[in-house]
Structures are given as structure tokens and as C-alpha cells.
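Last residue of the sequence shown: 428 in numbering that gives the first Met the number 0, with the numbers rising by one and none dropped.
Ideal Cβ placement from N, Cα and C applies to all residues, glycine included.
Only one structure is covered here, and it is reproduced in the block below.
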Amino acid sequence: MKVTAPTKVTLDVCVGKAGVRSGELVYVKDGAREFSSFGYTDEWLASATRFETSPDLPLHTGRQLRRAPTKDDSHFFLALGDTEPDTWGRRVIARDHAKERKKNPTLKVLNELDYLCAVDDFSRVGALRIRSAGGFLRTVEEGRRATSPLLELEHMLHASRAVERGEETTEDLKYLLGKGTSLGGMRPKCSVLDKDGALALGKFPSVKDDRAVVRGEVLALQLAARAGVDAASARVELVQGTPVAIIRRFDRTVDDGRIHYWSGTTILQAGRNEERAYTEIVDAMRSRCAHAADDARQLWRRIVFNHLITNVDDHLQNMGFLYAGNGLWRLAPAFDLNPFPDKAHESKTWLSEDTGPVTSVHDLMVQAPYFHLDEAQALSSLGDVVRSVERWREVAQSAEVGMNVRDLDDFAPAFEHEELEAARTLLGR
């Protein structure tokens, strides 16, 4: 029986556009044993601008150990895990490696570090960057050329569809490799540079779609902004007649600065499959956020909005926080908002540990005080959301979204339902 030699890799973890070295990551795989460790640099610990790069990495000397608690959790500290490729990105990486192994059977099976390191440096989520002795991983001169400009959407769409159908070429995979992102899920996507050079996410229709999912997500983000929700900017671009969602990245500044990012999973230090509650998020905000009460009120507005558009895919990876300086955080703009016309009104994240999932506007009103809202403030926020959702057909047919009559019929159950009527009743309408 052939014994595989242990793997041990040491890498630098750096922060921001300047690539300030914050610590050293060590990854070890020895048979079934797989873990990582991290130690802050003395320079980082002594810096006036230091902060915990991950909530499970307190600021102290010495090495700290991380083992994945379940097979679905990351082998890396939580904020690093947030930068790993999502399901779509892993699919592209695995397909490319499988083709390479056919040509070279001596290649080792991919491990978790391979996936972490396969993400393009320029488009990696947040401010954390990974560097080896040869420089930042998967980067090119000036850091931008590995991220395709908007004009190449057609090529990306073709390559993504080929992967979905299992018909991809080596060239398709090489083109897509490295551009996977964590701000998404299993749907085909790619990092792109928008018309003004800003980093964005291009999300493509799936060959399995039976409704205009891409247009539905852009519609939800547009309505969210109209409802007073801080949401990622989004629009639809047509590529050879096919709609592609262009969603601006909010973890970058106008000069390509990188803003540190934690997911909802990370700030709660939760397992990826754990059922957690929004009230727990509020508790974390009180100790972590610069403006905790404002963020809590914004979170409640988002929960109401999700409920009234039937966005029930509100798991903790689909919410996040951005670093605000001085060791404090702020709620990140909303993203991955999708109306589900074929699903019941029951949230994935619970409203509170006592009440369970969000199932009614009434429950949301009862819990409003926990989110720093009195009755008048809650009704005002509810009114903003209702007025926005009521305009869904108008916004859906706008140039930025572009739905047709059939699309409207498909999505109507997500927007026109008993819970919207219940909200109107609460508003005295």
C-alpha cells in the first residue's frame, strides 16, 4: 500500500492593497489529519492599526490552531475561509485539475490549500492576501489583467455554459480559473472589470434555469435600494441577447483599496450549516460594530424586505461586515437577494432563538425593539419597504432589469401574497 508523504506549506498572510504582512499561515495534511495554524507577526501586534484578522484569532503571540469542526467547515481560520472559492469556483478548479491529471497521472489530488490558493489575488474577497516566496499567489503585473474586462463577457458566458454542460475545453477552464469568488454560491459567475474599471461580479444564467433568475436578482437589488436598504449596485447587461447581472463589489475603494470582510458566519464564529438567529447577529454587532444601533435597524429593514420578496436563501454566508477601523466593523451592503416564487415564506436564518424562522410580518414587528426600533420607527421602515415592493412590476420592466410579461407572471407569487396584505393592514391601508 502506497503511503502519501505529509504535506506542510508555510505562507504569509497579508492585508490590504499595500500587502502588509500580518502573520504566517501553516497548512498540514498527513493522511486523514488536516489542519492549519496561524501566528501574528511582532510588527502587526505592535502596530497602531492592528486588528483581529479573524474573530477566532485573538491578538496575541504564538501559534493558534484550527481544525475544521465538521466536513463542511473550512480548515482555515474563519476570515480566511471567507476568501475560499465558492461552489462554482471549486467546480472550475476541480475540472481543470482533473484534465491535468489525465495528462500527468503523477499529479496529487487537490487539497483544501490548493483551493484557497487558486483564487485570483486581485479579486480575492476582502483585504486578506496570500503570499509565498515567489510573491502574491495567482497575480499578474499591475494585478488587473487576470480579471477580464466587461467586453469579454461573451467569452466568459460561453466558457461557463460549457462547464455546466460538461463540455468544457482546457482553454475554457484556464480562462475561468482563479476568478471564482466567495460572494455567491453554486451559480456560474466570474469577476469582471466594469466600464469604469471598478471590480464587479458577472453572474450568468444557468442552463438549468426555468425562470429569469439573473433578472430577478437585479430586480431585488434595485428594489432594496428603493426601500432604504444599503444594497450592492446592480444592472443587467445583454451579451448576445443573454442577460448577465453586473454587480459592483463593495469591498473595494475607488483606488483599488481593499476593505477587510467578514461573513455573518465568521462574525458569529458559527459552523456553515448551523441554524443561527438574527438576534444573535445583533448581539455580535453590539460588541463589534462602530454604529451598532444603526446597523441593527438596517438589518431589521433587510429582514422585512427579504420576507416581502420571498428571499428565503438568507443564510449567514449571504450577509457580511466591512472593517470600519479602530477594531470595529459595519454591516456590509446587501447582496445575493433572490425572489423565490415557488417557496414558502420561511427564512433560513431564524428571527430569534426563541421564535424560530421568520414566517410573518407580525413576528417581525414583535421583535423590532431588539433591533433598536420603537413602534413608530418600525412602521416607518415597514412602509418604505412596502412602497418599494409594490412597485416591483414597474421596476422589473425598467431598462436596468428588462423583464417581459412572462417573467412578470413567473415572479408574481414572490411579490404578491398574503404577507404583503398583512403589512398593508399593519400600516392602516
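| Check | Outcome |
| --- | --- |
| Suppose you measure from the CA of P204 to the CA of E399; what does that come to, to the nearest Å? | 16 Å |
| Using a 10 Å radius around the Cβ and a threshold of 16 neighbouring Cβ atoms, would you call P84 buried or exposed? | buried |
| Output the boundary residues of the alpha helix (DSSP H) element that contains E417. | 417–425 |
| Which same chain residues end up closer than 8 Å to V388 when comparing Cβ atoms and leaving out the 5 residues on each side of it in sequence? | L222, A226, F304, L307, I308, F414, L419 |
| Exposed or buried, which one is K188 when buried takes at least 16 other CB atoms within 10 Å? | buried |
| State the beta-bridge partners of V191 as determined by DSSP. | S147, A199 |
| Checking 8 Å against the spacing of the C-beta atoms, do V235 and R257 come in under that value? | no |
| Just list the residues that DSSP pairs A97 with in beta bridges. | Looking at the DSSP assignment, A97 forms no beta bridge with any residue, so it has no partner. |
| Quick one: what does DSSP say S359 is sitting in, helix, strand or coil? | coil |
| Let me know the secondary structure DSSP gives E83 once reduced to three states. | coil |
| Whose CA, out of L156, S21, R296, lies closest to the CA of Q239? | L156 |
| Quick check: the Cα distance between A45 and H154, rounded to an integer number of angstroms? | 47 Å |
| Determine the contact status of L176 and A132, defining contact as a CB-CB distance below 8 Å. | no |
| Counting along the chain, where does the alpha helix (DSSP H) carrying S397 start and finish? | From DSSP, S397 is part of no alpha helix (DSSP H); its letter is neither H nor E. |
| Are there 16 or more other CB atoms within 10 angstroms of the CB of L150, so buried, or fewer, so exposed? | exposed |
| From the DSSP output, read off the bridge partner residues of T9. | V25 |
| Can you give me the C-alpha to C-alpha distance between H361 and W328, rounded to a whole angstrom? | 30 Å |
| Taking T52 as the reference, give the member of S35, G125, T9 with the closest Cα. | G125 |
| Please name the residue, chosen from V27, A377, V217, that lies closest to L298 on a Cα-to-Cα basis. | A377 |
| Could you tell me which of D95, T348, A323 sits nearest to E166, measuring between CA atoms? | D95 |
| To the nearest angstrom, how far is the alpha carbon of T348 from that of F339? | 16 Å |
| In or out: M0 buried (at least 16 other Cβ within 10 Å) or exposed? | Its pLDDT being 44, under 50, M0 is placed unreliably by the model, and the measurement read from it follows with that caveat. Label assigned to M0: exposed. |
| G270 to T69, Cα distance in whole Å? | 8 Å |
| Quick check on DSSP: helix, strand or coil for E111? | helix |
| Does A413 come out as helix, strand or coil in the three-state DSSP assignment? | helix |
| Going by CA-CA distance only, name the one from H314, D383, E216 that's closest to D406. | E216 |
| Start and end of the beta strand (DSSP E) containing G322? | The residue asked about is misnamed: residue 322 is Tyr in this sequence, not Gly. Unbroken beta strand (DSSP E) run through Y322: 319–324. |
| What are the residues that DSSP puts in a beta bridge with A333? | A230 |
| Tell me the DSSP secondary structure of R428 in three-state form. | coil |
| Check whether chain C comes within 8 Å of L336, counting only Cβ atoms and requiring the distance to be less than that. | In the structure shown, chain C cannot be found, because there is only a single protein chain. |
| By Cβ distance, which residues of its chain are closer than 7 Å to V206, with the 5 residues on each side in sequence left out? | R160, E163, R164 |
| With distances taken Cα to Cα, identify the nearest neighbour of R123 among R62, S190, K173. | S190 |
| Could you have a look at L172 and say whether DSSP puts it in helix, strand or coil? | helix |
| What residue does the beta strand (DSSP E) around T241 start on, and which one ends it? | 241–247 |
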